[in-house]
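A.B. asks:
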Amino acid sequence: MQHYSVFSLARNAMKHHEDWHKAWRSPPLKEEYEVVIVGGGGHGLATAYYLAKEHNITDVAVIEAGWLGGGNTGRNTITVRSNYLYPESAEFYDFSLKQYEILSRELNFNVMLRQAGLLRLSHSHHDVEMSRRAINAMHMNGVDAEWLTREEIIELAPGVNVSEEARFPIFGGMNQPRGGVARHDGVAWGYARAADDRGVDIIQQCAVTGFEKAADGSHLVVTQKGTVKAKKVALCVAGHSSVLAEMAGFRLPVTSMALQACVSEPLKPFIDTVVLSPDAGVYVSQSDKGEVVMGGGLDLYPSYAQRGNVHTLENIVAGIVEIFPKLRRVKLMRQWAGIVDIVYDSSPIIGHTPVKNMYVNCGFGTGGFKAIPAGGYTLAHTIATDQPHKLTEAFGLNRFETGAFIDEMGAAGIAH
Amino acid sequence: MHKITCPYCGERSEEEFKYAGPSHLERPIPASEVTDSQWAEYLFMRDNIKGISLERWGHIHGCSQYFNLIRNTVTHEIYGCYQMGEQPPEGWQKLGDKK
Ligand SMILES: Cc1cc2nc3c(=O)[nH]c(=O)nc-3n(C[C@H](O)[C@H](O)[C@H](O)COP(=O)(O)OP(=O)(O)OC[C@H]3O[C@@H](n4cnc5c(N)ncnc54)[C@H](O)[C@@H]3O)c2cc1C
Ligand SMILES: [Zn+2]
Numbered sequence: 053m054q055h056y057s058v059f060s061l062a063r064n065a066m067k068h069h070e071d072w073h074k075a076w077r078s079p080p081l082k083e084e085y086e087v088v089i090v091g092g093g094g095h096g097l098a099t100a101y102y103l104a105k106e107h108n109i110t111d112v113a114v115i116e117a118g119w120l121g122g123g124n125t126g127r128n129t130i131t132v133r134s135n136y137l138y139p140e141s142a143e144f145y146d147f148s149l150k151q152y153e154i155l156s157r158e159l160n161f162n163v164m165l166r167q168a169g170l171l172r173l174s175h176s177h178h179d180v181e182m183s184r185r186a187i188n189a190m191h192m193n194g195v196d197a198e199w200l201t202r203e204e205i206i207e208l209a210p211g212v213n214v215s216e217e218a219r220f221p222i223f224g225g226m227n228q229p230r231g232g233v234a235r236h237d238g239v240a241w242g243y244a245r246a247a248d249d250r251g252v253d254i255i256q257q258c259a260v261t262g263f264e265k266a267a268d269g270s271h272l273v274v275t276q277k278g279t280v281k282a283k284k285v286a287l288c289v290a291g292h293s294s295v296l297a298e299m300a301g302f303r304l305p306v307t308s309m310a311l312q313a314c315v316s317e318p319l320k321p322f323i324d325t326v327v328l329s330p331d332a333g334v335y336v337s338q339s340d341k342g343e344v345v346m347g348g349g350l351d352l353y354p355s356y357a358q359r360g361n362v363h364t365l366e367n368i369v370a371g372i373v374e375i376f377p378k379l380r381r382v383k384l385m386r387q388w389a390g391i392v393d394i395v396y397d398s399s400p401i402i403g404h405t406p407v408k409n410m411y412v413n414c415g416f417g418t419g420g421f422k423a424i425p426a427g428g429y430t431l432a433h434t435i436a437t438d439q440p441h442k443l444t445e446a447f448g449l450n451r452f453e454t455g456a457f458i459d460e461m462g463a464a465g466i467a468h
Numbered sequence: 027m028h029k030i031t032c033p034y035c036g037e038r039s040e041e042e043f044k045y046a047g048p049s050h051l052e053r054p055i056p057a058s059e060v061t062d063s064q065w066a067e068y069l070f071m072r073d074n075i076k077g078i079s080l081e082r083w084g085h086i087h088g089c090s091q092y093f094n095l096i097r098n099t100v101t102h103e104i105y106g107c108y109q110m111g112e113q114p115p116e117g118w119q120k121l122g123d124k125k
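If you read the protein sequences in the order shown, they are chains A and B. The opening position of the first sequence corresponds to residue 53 in my numbering, with each subsequent residue numbered one higher. The opening position of the second sequence corresponds to residue 27 in my numbering, with each subsequent residue numbered one higher.
#1: Could you give the uninterrupted runs of the beta strand (DSSP E) lying entirely in the stretch 313-349 of chain A, keeping only those of 3 residues or more?
#2: Does the Cβ of Cys288 (chain A) lie closer than 7 Å to at least one heavy atom of ligand 1?
#3: Got a sec: which bits of the stretch 301-326 of chain A sit with their beta carbon under 9 Å from any beta carbon on chain B, in order along the chain?
#4: Kindly examine ligand 2 and report whether one of its heavy atoms sits closer than 7 Å to the Cβ of Gln91 (chain B).
#5: Per DSSP, Glu198 (chain A) is paired with what?
#6: DSSP on Thr275 (chain A), reduced to helix/strand/coil?
#7: For His468 (chain A), which residues from the same chain have a beta carbon less than 7 Å from its beta carbon, with the 5 sequence-adjacent residues on both sides left out?
#8: Let me know the alpha helix (DSSP H) ranges lying completely inside the stretch 423-452 of chain A, each 4 residues or longer, listed in chain order.
#9: Is Arg127 (chain A) near ligand 1, with its Cβ less than 7 Å from a heavy atom?
#10: Quick check on Asp139 (chain A): does DSSP put it in helix, strand or coil?
#11: Under 8 Å, Cβ to Cβ, is there at least one residue of chain E near Glu116 (chain A)?
#12: In whole angstroms, what is the alpha-carbon distance linking Ser294 (chain A) and Ala62 (chain A)?
#13: Alpha carbon to alpha carbon, how far is Ile154 (chain A) from Leu51 (chain B)?
#14: Name the residues in the stretch 98-120 of chain B whose C-beta lies less than 8 Å from a C-beta of chain A; which are they?
#15: Taking only the alpha-carbon atoms, compute the straight-line gap between Tyr108 (chain B) and Ser79 (chain B) and give it to the nearest angstrom.
#16: Is there at least one non-hydrogen atom of ligand 2 closer than 7 Å to the beta-carbon of Gly77 (chain B)?
#17: Could you say if the stretch 363-380 of chain A and the stretch 241-257 of chain A meet the contact criterion of at least three C-beta pairs nearer than 8 Å?
#18: Flag Gly88 (chain B) as yes when its Cβ comes closer than 7 Å to any non-hydrogen atom of ligand 2, and as no otherwise.
#19: List, in chain order, every chain B residue whose beta-carbon is nearer than 8 Å to that of Glu106 (chain A).
#20: Can you give, in chain order, each stretch of the beta strand (DSSP E) that sits fully within the stretch 60-92 of chain A and has at least 3 residues?
#21: Decide if Tyr80 (chain A) is buried, meaning its Cβ has at least 16 other Cβ atoms within 10 Å, or exposed.
#22: Less than 8 Å between the C-beta atoms of His404 (chain A) and Tyr411 (chain A), yes or no?
#23: With DSSP as the reference, label Arg299 (chain A) as helix, strand or coil.
#24: So which of A:Ser215, A:Leu352, A:Leu287 and A:Ala357 has the shortest CA-CA distance to His363 (chain A)?
#25: Beta-carbon of Phe452 (chain A) versus every beta-carbon of chain B: anything under 8 Å?
#26: Could you check where the alpha helix (DSSP H) with Lys105 (chain A) kicks off and where it finishes?
#27: Would Leu200 (chain A) count as contacting chain B if we go by Cβ distances under 8 Å?
#28: Mind checking the stretch 350-374 of chain A against chain B and listing, in chain order, the residues whose C-beta falls within less than 9 Å of any C-beta there?
#29: Candidates A:Val344, A:Gly333, A:Gly291 and A:Glu453: which alpha carbon is nearest Tyr356 (chain A)'s?
#30: Short check: CB of Tyr145 (chain A) to CB of Ile458 (chain A), under 8 Å?
#31: In angstroms with no decimal places, state the Cα-to-Cα distance between Val306 (chain A) and Pro440 (chain A).
#32: Which first and last residues belong to the alpha helix (DSSP H) in which Gln387 (chain A) is found?
#33: What is the residue span of the alpha helix (DSSP H) that Asp237 (chain A) lies within?
#34: At the 8 Å Cβ level, is Ala467 (chain A) part of the contact set with chain B, yes or no?
#35: Just by C-beta distance, which residues in the stretch 64-77 of chain B are closer than 9 Å to chain A?
#36: Roughly how many angstroms separate the alpha carbons of Glu204 (chain A) and Asn227 (chain A), rounded to a whole number?
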């Protein structure tokens, strides 16, 4: 692997940038692998990386239907945080955030983590009480959180509508200082490059179309580029989890929905923090390029169309203008949607499936970007040892039978 | 924006409707004999079809009636509707095929 540094940058600048190596190979699909990972989003690529790094399993292929990160990973609004209510989630997501904090160095790839805080506005007395409760829960779970007064919010998030007459008056807010943003495709590419460096084959433009059984009990993964034998298979396909599960003969408690986002034309930097208003149903951050990144809630019904509804977009924009009136005249530049995997209790499913030697990572729904390091790390453990990782014991499929849900909807309040 | 035809009110904007889960889920009985895994199948496991799907919809901001819709989850095309308690018309799986 060509090491990236300020010196390599200078050296390559001298050579007119014509000497950079490819960040990863594009090898042909072999006939057999120890592990095949379906889906080259963040979770699939991170799983491959940690299999190689932590478990020395390098006979691995990541098979991606489109291009790396072209699913939800490259469509997400890049918020990272660990402000969850329940201990299981707090431990899992804070582990993930800690991995993010060391990721650029670990992968030798700048994932552009910017921890300028994640501010959740409170617009009513009830909301103030809920936020204070969440802050207490976070403190008990060892996660950073602080209460900000209206005055402190004016300082931290210039431009928010603090008028007394506002439709959503601001009573204060809950901030996670370690929350923030990271670059989405940087995370996918960083893991891909580091996994490739350790011997993982990354196969793009190759959809998996079915599963069969070999005589020796291995899986046969049928793809557009031929059939591959694999001792173990991991499904990391987010919104397409039910489709892949059906190919393998089981069902999942997942519903696929469209989640939209949009960006404005670039503006001069005016805000560092991610600002979220559960009541207005929106959240905002400003990208390094200056675009205002805006998102809201889910579309209204199940969908596999990566498009999104007009009125949901209208709601997002209306909410943004309530919270940031000065963005009223700003033009929208792009809008898009991803197909997210919604689960009853808004918590992920990581671990075993009813099929032997087949594992799944799904159910992250609207918020799995922040979980990529932890999702990959724990799934790699389960693939290597056939045991749940300590952090994901509570996140197995069996909770839908036992009823031991981790209902985070109330905690998160809004999709992001 | 979509128009959905409510069998009672006619063509209305999609915002007036609510998706209310897949059609034809049968609650297992008798409750005392239903196992945990049967409950899980009924309550949570979903086909989550990519393609033509039979769904319950409610015209909640209209007449409040529920009905079944035959809808394509990829193209968002709607092929028709039928009443609660009825079975889908024969050949519904092929409704998307071009004539
Ligand atoms: C608009 C939007 C905003 C979001 N904002 C945030 C946010 O701010 N913070 C946050 O934490 N999360 C956010 N999320 C959620 C986050 O993007 C996802 O949870 C996360 O990216 C899931 O990663 P993944 O690797 O599991 O899935 P994906 O990145 O979707 O990767 C799955 C891959 O599987 C591939 N695939 C599918 N079928 C097949 C097949 N048959 N064969 C081979 N490959 C296949 C797909 O092409 C895709 O590349 C957002 C999502 C959206 C859509
Ligand atoms: Zn009606």
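Where is the CB? At the ideal position from N, CA and C, for every residue including glycine.
C.D. replies: Checking against the coordinates, here is how it stands:
#1: 326-329 and 334-338
#2: yes
#3: Phe302, Arg303, Leu304, Pro305, Val306, Thr307 and Ser308
#4: yes
#5: A:Asn227
#6: strand
#7: Its pLDDT being 45, under 50, His468 (chain A) is placed unreliably in this model, and the value from its coordinates should be taken loosely. Contacts found: Thr129, Thr131, Leu328, Tyr335, Gly347, Thr418 and Gly419.
#8: 424-437
#9: yes
#10: Here the sequence assigns Pro to residue 139 (chain A), which means Asp is not the residue at that position. Helix, per DSSP.
#11: Note that chain E does not occur in the displayed structure, where the protein chains are A and B.
#12: 48 Å
#13: 47 Å
#14: Thr99, Val100, Thr101 and His102
#15: 13 Å
#16: no
#17: no
#18: yes
#19: In chain order: nothing, as chain B lies at least about 32 Å away.
#20: 84-90
#21: Checking the displayed sequence, the identity of residue 80 (chain A) turns out to be Pro instead of Tyr. Classification of Pro80 (chain A): exposed, given that the 10 Å Cβ count is below 16.
#22: yes
#23: A quick correction: the sequence has Met, not Arg, at residue 299 (chain A). Three-state DSSP puts Met299 (chain A) in a helix.
#24: A:Leu352
#25: yes
#26: Gly94 to His107
#27: no
#28: Leu352, Tyr353, Pro354, Ser355, Tyr356, Ala357, Arg359, Asn361, Val362 and His363
#29: A:Gly291
#30: no
#31: 20 Å
#32: Per DSSP, Gln387 (chain A) belongs to no alpha helix (DSSP H); it is in the beta strand (DSSP E), Leu384 to Val395.
#33: His236 to Asp249
#34: Legend: pLDDT at Ala467 (chain A) = 48, less than 50; position of this residue unreliable, no value from coordinates given.
#35: Trp65, Ala66, Glu67, Leu69, Phe70, Met71, Arg72, Asp73, Asn74, Ile75, Lys76 and Gly77
#36: 11 Å
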